[in-house]
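Residue numbers (the working numbering): 3 to 349.
Backbone N, C-alpha and C fix where the C-beta goes; we use that ideal spot for every residue, glycine too.
Computed from a prediction, not measured in an experiment: that's the story for all the values here.
A short worksheet on the structure shown next.
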């Protein structure tokens with residue numbers, strides 16, 4: 003009886019050792035598939051990805067395949083394809099795929115495969131999809147329920163920039179009734195008194211104009227608490243406003259090319275490029291960030307400058323050409339702006 007039990011125990015031990023020597027993926031330990039065979043499945047548990055095309059640049063969507071089963075000493079190749087009958091995007095026109103992918107030896111995860119999207123083949127407002135299906139290879143088969151991956155692709159419309167610039171005058175008079183606060187989206191100017199009395203107006207204010215005896219005309223946002231605290235009207239904003247929008251401002255010095263740059267802003271792509279170029283130029287020229295930004299205020303506003311503003315609360319970009327200023331020091335100073343805007347949330 004003891005001999006029979008001992009033999010049974012030895013056989014069981016040998017079986018356990020042989021299973022252990024095969025190795026398995028930590029991710030799938032306990033999965034019935036480990037006993038039933040070898041499987042391929044998509045590594046992303048969501049089995050889907052959403053892609054929004056915002057430019058015409060070719061982009062890639064990285065994907066991986068997971069091998070479920072005992073790890074083996076040689077590389078494995080998994081094959082996948084786009085399912086034409088279930089995909090609204092067309093292979094070769096809207097996208098291309100790699101088609102096969104390698105799982106390295108003694109591994110459970112593949113190398114990175116790529117699906118390449120061609121944005122210029124999509125129309126504005128398009129919403130298309132790609133259904134990718136693992137077809138298997140060799141002794142490994144697709145895992146049912148995990149063999150399809152869906153990529154949903156949409157293309158944002160080109161966001162509008164006002165082609166007819168808005169003319170705005172910001173004043174810095176002695177009176178609290180002076181028009182000093184700008185709502186960039188609507189191109190409307192409010193007095194400090196109007197903004198103080200109405201939180202809804204405060205929520206529409208992007209920046210205003212103040213006068214410094216040292217730094218001249220200052221364009222400043224309601225969120226710039228430290229700088230606002232150096233002005234009496236600014237202290238009122240700090241202490242009494244309920245809504246204070248935030249954003250980033252910067253400017254480029256007067257240049258004979260500025261009017262041409264301004265006139266060339268006709269769509270989303272070139273207005274965003276103008277912002278990037280402006281920030282780079284400020285750094286390259288070593289301009290004083292306190293005067294030129296980027297930050298919550300800019301100073302010493304002068305004719306011929308280009309002013310850039312991006313709201314962090316209201317999804318709007320603005321580029322303005324300073325057409326004229328009056329900085330006499332005797333009150334009633336002003337800045338005349340020619341404004342173009344890009345409203346991100348526009349339908």
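- As the crow flies, the alpha-carbon of residue 298 is around 34 Å from that of residue 61.
- The alpha helix (DSSP H) runs of length 4 or more contained entirely in the segment 201-238 are, from start to end of the chain, 201-204 and 227-230.
- Each residue's CA atom was taken as its position, placing residue 200 and residue 318 some 22 Å apart.
- Here residue 307 is buried, its C-beta having at least 16 other C-beta atoms within 10 Å.
- For residue 100, the three-state secondary structure derived from DSSP is coil.
- Following the DSSP letters along the chain, one finds residue 136 inside the beta strand (DSSP E) bounded by residues 129-136.
- Beyond the five residues adjoining it in sequence on each side, residue 239 comes within less than 6 Å, by CB distance, of 224 and 230 in the same chain, given in chain order.
- As the crow flies, the alpha-carbon of residue 155 is around 42 Å from that of residue 292.
- Residue 185 sits in a strand when the DSSP states are folded into three classes.
- Residue 339 and residue 305 have their alpha carbons spaced roughly 9 Å apart.
- The way I'd put it, the segment 112-127 does touch the segment 54-74; three or more beta-carbon pairs between them come closer than 8 Å.
- In the structure shown, residue 171 falls within a strand segment according to DSSP collapsed to helix, strand and coil.
- For residue 199, the enclosing alpha helix (DSSP H) stretches over residues 194-199.
- For residue 258, there is no enclosing alpha helix (DSSP H), as DSSP gives it neither H nor E.
- With contacts defined as CB atoms closer than 9 Å, residue 254 and residue 310 qualify as a contacting pair.
- DSSP, read as helix, strand or coil, puts residue 277 in helix.
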